[in-house]
Amino acid sequence: GAAELGPYRHYMQKEIFEQPRAIADTLEGVEGIVPELFDGAEVDGQPGASAYRVFEEIDQVLILACGTSYYSGCAAKYWLEGIAGVPTQVEIASEYRYRDSVPNPRTLVVTISQSGETADTLAALRHARSLGMAQTLTICNVATSAMVRECKLAYITRAGVEIGVASTKAFTTQLAGLFLLTLALAQSKGRLSEEDEARYLKEMRHLPVALQSVLALEPQVVAWAEDFARKENALFLGRGLHYPIALEGALKLKEVTYIHAEAYAAGELKHGPLALVTSEMPVVAVAPNDALLDKLKSNLQEVRARGGVLYVLADGDTHIESSEGLHVIRMPEHYGRLSPLLHVVPLQLLAYHTACARGTDVDKPRNLAKSVTVE
Ligand code: G6P
Numbered sequence: 251g252a253a254e255l256g257p258y259r260h261y262m263q264k265e266i267f268e269q270p271r272a273i274a275d276t277l278e279g280v281e282g283i284v285p286e287l288f289d290g291a292e293v294d295g296q297p298g299a300s301a302y303r304v305f306e307e308i309d310q311v312l313i314l315a316c317g318t319s320y321y322s323g324c325a326a327k328y329w330l331e332g333i334a335g336v337p338t339q340v341e342i343a344s345e346y347r348y349r350d351s352v353p354n355p356r357t358l359v360v361t362i363s364q365s366g367e368t369a370d371t372l373a374a375l376r377h378a379r380s381l382g383m384a385q386t387l388t389i390c391n392v393a394t395s396a397m398v399r400e401c402k403l404a405y406i407t408r409a410g411v412e413i414g415v416a417s418t419k420a421f422t423t424q425l426a427g428l429f430l431l432t433l434a435l436a437q438s439k440g441r442l443s444e445e446d447e448a449r450y451l452k453e454m455r456h457l458p459v460a461l462q463s464v465l466a467l468e469p470q471v472v473a474w475a476e477d478f479a480r481k482e483n484a485l486f487l488g489r490g491l492h493y494p495i496a497l498e499g500a501l502k503l504k505e506v507t508y509i510h511a512e513a514y515a516a517g518e519l520k521h522g523p524l525a526l527v528t529s530e531m532p533v534v535a536v537a538p539n540d541a542l543l544d545k546l547k548s549n550l551q552e553v554r555a556r557g558g559v560l561y562v563l564a565d566g567d568t569h570i571e572s573s574e575g576l577h578v579i580r581m582p583e584h585y586g587r588l589s590p591l592l593h594v595v596p597l598q599l600l601a602y603h604t605a606c607a608r609g610t611d612v613d614k615p616r617n618l619a620k621s622v623t624v625e
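Here the sequence shown is numbered in the UniProt record's numbering, starting from 251 and rising by one per residue.
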């Protein structure tokens, strides 16, 4: 009821602001990286499956999910290959279940789901199992769900109940769970030094504080939202680890504002979407200070040269300054590998405040459901 909303106008806003708490809860009790974090649930007093053994047996990962959960999987691919060195495929569950694929029994099948009841994701899991892939793990927000029951291993995110149809806190907690999975696999493959383990854990524990300072950017995002509310199209650009964040930002905007939004890997700009750029098409760029920044900057110049108006989420140390047609929000700190968890937050807020300005039904957008349990 309304009482539970506290100072917030909608559940979506409340859930965006709950992210520091949701991440802290999801990481609670994680003292070090051990496979046991992913052990299966106890059944009838019998201990669940051992992640230790499963991790030894697998040499690749196949991620299956839908919607926002699919995008957290897309981000995790960069971690799993870049940190753990484990070849990783990410596939939309409804595609995977109906296509001919080449199964490898040494695959860890990872489903990602807020509800644990999405029909396509469950069917994709069962399809993978029918092809002989028995090593299954879920990153899921509902401990009692079908997904958790049907997977050998599980990591339960502690986002808490998510009511807004557009997923927010479930996404960032999935990313936290997937980062832990990456570290656990890296360790079992002998690729995680003790120093790296300590450093990553420290960075993860600092996330709630870092998220809090990103949430403090809300007034600046509100100013962007006033511009966006008058537009009918928007383009989101990102590279590498932040390409999935651009995808998620575009999805959020579509879901709650009904503005047509597309995301592109920034390097693909000149292969099509540049033709769409006019002063009526705002372009959002996710620009962390990583190895690809210089490349992204030249993509941004291409947009400016065509009269496109840019909205850039830049890191504190990226030297991109606001100017005519270029709006910059500076992120409070540079966060390396975990930066997607922070960069997505202003994009959630942008979708939320644009929706408020347009007067849409934020928590229950037309035609959409929280959980899609039928095909
Ligand atoms: C629906 C929801 C999305 C969600 C997707 C997958 O489309 O509106 O917010 O990302 O289902 O749901 P799941 O529960 O499997 O994460």
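Cβ coordinates follow ideal geometry from the N, Cα and C atoms, glycine included. Nothing here was measured: the structure is a model prediction, and the numbers come from that model.
The alpha-carbon separation between Gln598 and Tyr405 amounts to approximately 24 Å.
By the neighbour-count criterion, in which a residue is buried when 16 or more other Cβ atoms sit within 10 angstroms of its Cβ, Glu265 is buried.
Exclusion of the five residues before and after Asp477 leaves Pro532 as the residues of its chain whose Cβ lies within less than 7 Å of its Cβ.
By the criterion of a C-beta distance shorter than 6 Å, Ala515 is surrounded in its chain by Tyr493, once the five residues flanking it on both sides are discounted. With a beta-carbon spacing of about 19 Å, Thr432 and Arg408 fall beyond the 8 Å limit used to define contacts.
Relative to the ligand G6P, the nearest heavy atom lies less than 7 Å away from the CB of Gln364. It is roughly 10 Å from the alpha-carbon of Pro353 to the alpha-carbon of Arg379. Distances from the CB of Ala373 to the heavy atoms of the ligand G6P are all 7 Å or more. In the DSSP assignment, Glu512 falls within the beta strand (DSSP E) that extends over 510-515.
Residue burial is scored here from C-beta neighbours: Tyr561 has at least 16 other C-beta atoms within 10 angstroms and is therefore classed as buried. Each of Cys316, Leu255, Arg608, Glu574 was checked against the Cα of Gln364, and the nearest Cα belongs to Cys316. Closer than 7 Å to some heavy atom of the ligand G6P: that describes the Cβ of Ser621. A direct Cα-to-Cα measurement between Tyr602 and Met262 gives close to 7 Å. The three-state secondary structure of Val360, taken from DSSP, is strand.
Between Thr368 and Glu498, the C-beta spacing is not below 8 Å. Burial check for Asn483: the Cβ neighbour count within 10 Å stays below 16, so the residue is exposed. Distances taken from the Cβ of Thr318 to the heavy atoms of the ligand G6P include one shorter than 7 Å. The residues Ala369, in chain order, have a CB closer than 6 Å to that of Glu625 in the same chain once the five nearest residues on each side in sequence are set aside. Looking at the backbone, the Cα of Pro257 and that of Ala384 are separated by about 47 Å. In the DSSP assignment, Glu341 falls within the beta strand (DSSP E) that extends over 338-342. The Cβ-Cβ distance between Val594 and Leu461 does not fall below 8 Å.
Its chain contains Val415 as the residues whose beta carbon lies nearer than 7 Å to that of Lys620, once the 5 sequence neighbours on both sides are disregarded; these appear in chain order.
Per DSSP, Val352 lies in no alpha helix (DSSP H) segment and is marked neither H nor E. When the beta-carbon positions are compared, Asn539 and Thr568 come within less than 8 Å of each other. With 16 or more other Cβ atoms inside 10 Å of its own Cβ, Pro285 counts as buried. Annotated three-state conformation of Tyr320 is helix, per DSSP.
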